[in-house]
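Peer 1: Here it is, the structure, as structure tokens.
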Amino acid sequence: MNLILLVVCFVLSNAQTIPELAEKLGAKTLVKLVTDAGLADTLSGQGPFTVFGPTDAAFAALPPDVLNKLMNDKQLLKSVLLFHVLSGKVYSSQLTNDMTAATLNGAKVRINIYGQTVAVDGSKVIMADQNATNGVIHVIDEVLAEIPTQNIVQFAASQKDFSSLVYAVVRAKLGATLSGGPFTLFAPTNEAFNKLPPDAINKLLQNQTALIEVLTYHVVKGTVYSVGLSNGMVPTVEGKSVKVDLSSGGVMINDAKVTMANIPVTNGVIHVIDTVLLPPK
Ligand SMILES: *[C@@H]1O[C@H](CO)[C@@H](O)[C@H](O)[C@H]1NC(C)=O
Ligand SMILES: *[C@@H]1O[C@H](CO)[C@@H](O)[C@H](O)[C@H]1NC(C)=O
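Numbering (mature numbering (1 follows the signal peptide of the UniProt record, and there is no 0)), first residue to last: -15 to -1, 1 to 266.
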């Protein structure tokens, strides 16, 4: 009888709400920001919730200007934090590759399963299925600071660095295709296009078949964030494969360097590259 009482007391004392459990798991910055944003009561409430909780190291790794912006804009902070929360309990066993889930922010996060790795918008789950009284926490190694609101085409069109790419996509009539997906796009900048000889570009723009071949060689089916990349050949939508090489410390796709990785979009992910990829003849 006493033993049962002892066990009951132990279980009760171990019963923790999401903020309490997050604190215990070492996500102290998260809990502080949740409190600053006025969300502590919500996340201590009935729920249940699923929280993708970035570690302290994840917050520390944010560029200082991003972190400052979050600290100084309570609405933005609230919006970003709510982007880490789902309604209901979602365990890792319920996650499937390339599923999306609506967050309390309204925008959707994308789940990817790469072998044994589970990722949320490219951020790796490093501790899954931690049970709180009012939900479950999955600890992740990067803050989901970018909330996708545009698809691949809309995002490219909004960036002046991609005007050549967008021009080519329109010429090739690939806009509708690239608004489908999910896709991974290796997006060459204007500078990358400028590295091609001018007559090669002109020839390409005059030949829709060739243009489609080149552009679809930059597209991989499914969402492949950096955490899902490994050395080797990856088939493109064009049919032939690109070579992924991580040995230099950065990421190389054939001869192109990834200069900015992991831009989340509503229908996949974009990696910016510095060289146009040409399919082997
Ligand atoms: C949390 O609860 C779920 C469902 O009961 C269980 O599958 C999971 O193993 C628990 N997590 C831990 C870390 O014990
Ligand atoms: C256009 O490109 C395709 C595919 O690369 C090629 O087979 C065809 O010969 C080209 N057409 C012209 C007119 O150059």
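Backbone N, C-alpha and C fix where the C-beta goes; we use that ideal spot for every residue, glycine too.
Which residues have a Cβ closer than 6 Å to any heavy atom of ligand 2, listed in chain order?
Peer 2: Any residue whose Cβ sits closer than 6 Å to a heavy atom of ligand 2 makes the list: ASN192, THR194, ALA195, GLU198.
Peer 1: Is any heavy atom of ligand 1 found at a distance shorter than 6 Å from the C-beta of ASN82?
Peer 2: The residue given as residue 82 occupies position 97 in the sequence shown. Not under cutoff, so the answer is no.
Peer 1: Taking all protein chains shown into account, do 16 or more other C-beta atoms lie within 10 angstroms of the C-beta of VAL155, making it buried, or fewer, making it exposed?
Peer 2: For the purposes of this step, residue 155 is identified with residue 170 of the sequence shown, where counting begins at 1. So VAL155 counts as exposed.
Peer 1: Rank ALA(-1), PRO265, THR251, ILE3 by C-alpha distance to the C-alpha of ALA141 and give the top, closest one.
Peer 2: Position 156 of the sequence shown, counted from the first residue, corresponds to residue 141. Ranking ALA(-1), PRO265, THR251, ILE3 by Cα distance to ALA141 puts THR251 first.
Peer 1: I need the DSSP call for THR169, collapsed to helix, strand or coil.
Peer 2: Along the sequence shown, read from residue 1 onward, the residue named residue 169 stands at position 184. In the structure shown, THR169 sits in a strand (DSSP, three-state: E or B).
Peer 1: Mapping DSSP to helix, strand and coil, what is PHE68?
Peer 2: For the purposes of this step, residue 68 is taken as the residue at position 83 of the sequence shown. Residue state, collapsed to three classes: coil.
Peer 1: Output the boundary residues of the beta strand (DSSP E) element that contains TYR99.
Peer 2: Sequence index remark: in the sequence shown, residue 99 carries index 114 (1-based). Run containing TYR99: 93 to 99, per the beta strand (DSSP E) assignment.
Peer 1: Output the distance between the C-alpha atoms of VAL128 and MET56, rounded to the nearest integer angstrom.
Peer 2: Against the sequence shown, residue 128 aligns to sequence position 143. Against the sequence shown, residue 56 aligns to sequence position 71. Straight-line Cα distance between these residues: approximately 14 Å.
Peer 1: Assuming contact is defined by CB atoms lying nearer than 7 Å, are ALA113 and SER77 in contact in what I supplied?
Peer 2: One-based indexing of the sequence shown puts residue 113 at position 128. One-based indexing of the sequence shown puts residue 77 at position 92. A contact, by the Cβ cut-off of 7 Å.
Peer 1: Taking the straight line between their C-alpha atoms, what separation do you get for ILE258 and GLN1?
Peer 2: As a working note, residue 258 is residue 273 in the sequence shown. As a working note, residue 1 is residue 16 in the sequence shown. Distance between the alpha carbons of ILE258 and GLN1: 45 Å.
Peer 1: Assign TYR152 to buried or exposed, taking buried as 16 or more other Cβ atoms, counted over all protein chains shown, within 10 Å of its Cβ.
Peer 2: The residue given as residue 152 occupies position 167 in the sequence shown. Exposed, because fewer than 16 other Cβ atoms sit within 10 Å of the Cβ of TYR152.
Peer 1: So, does the segment 176 to 188 touch the segment 205 to 212, judging by three or more C-beta pairs under 8 Å?
Peer 2: The segment 176 to 188, when compared against the segment 205 to 212, does not touch it at the 8 Å Cβ threshold.
Peer 1: Mark CYS(-7) as exposed unless 16 or more other C-beta atoms lie within 10 angstroms of its C-beta, in which case mark it buried.
Peer 2: Within the sequence shown, numbered from 1, the residue matching residue -7 stands at position 9. Here CYS(-7) scores only 49 on pLDDT, less than 50, and its place in the model should not be relied on; the value that follows carries that caveat. Answer is exposed; the Cβ neighbour count stays below 16.
Peer 1: Is ASN57 near ligand 1, with its Cβ less than 6 Å from a heavy atom?
Peer 2: Within the sequence shown, the letter at position 72 stands for residue 57. Checking the Cβ of ASN57 against ligand 1 gives no.
Peer 1: Would you mind stating whether ASN239 and VAL227 have Cβ atoms separated by less than 7 Å?
Peer 2: By one-based count along the sequence shown, residue 239 stands at place 254. By one-based count along the sequence shown, residue 227 stands at place 242. Contact: yes.
Peer 1: Is the Cβ-Cβ distance between LYS109 and ASP83 less than 7 Å?
Peer 2: Position 124 of the sequence shown holds residue 109. Position 98 of the sequence shown holds residue 83. No, these two residues do not count as a Cβ contact at 7 Å.
Peer 1: Are there any heavy atoms of ligand 1 lying less than 6 Å away from the beta-carbon of ASN119, as far as the coordinates show?
Peer 2: In the sequence shown, the residue the question calls residue 119 occupies position 134. Answer for ASN119: no, Cβ out of range of ligand 1.
Peer 1: Starting from PRO220, follow the beta strand (DSSP E) in both directions and report where the run begins and ends.
Peer 2: If you number the sequence shown from 1, residue 220 lands on position 235. First-last of the beta strand (DSSP E) with PRO220: 217 to 220.
Peer 1: Shorter than 6 Å, the distance from the beta carbon of ASN116 to the closest heavy atom of ligand 1, or not?
Peer 2: Taking the sequence shown and counting its residues from 1, the one referred to as residue 116 is at position 131. The answer is yes for ASN116.
Peer 1: For LEU62, which option in GLY217, VAL103, ALA86, LEU18 has the closest C-alpha, if you only look at C-alpha atoms?
Peer 2: By 1-based counting over the sequence shown, the position of residue 62 is 77. Of GLY217, VAL103, ALA86, LEU18, the residue nearest in Cα terms is LEU18.
Peer 1: Assign THR201 to one of two classes, buried (16 or more other C-beta atoms within 10 Å of its C-beta) or exposed (fewer than that).
Peer 2: Numbered from 1 along the sequence shown, position 216 holds the residue referred to as residue 201. Flag for THR201 reads buried.
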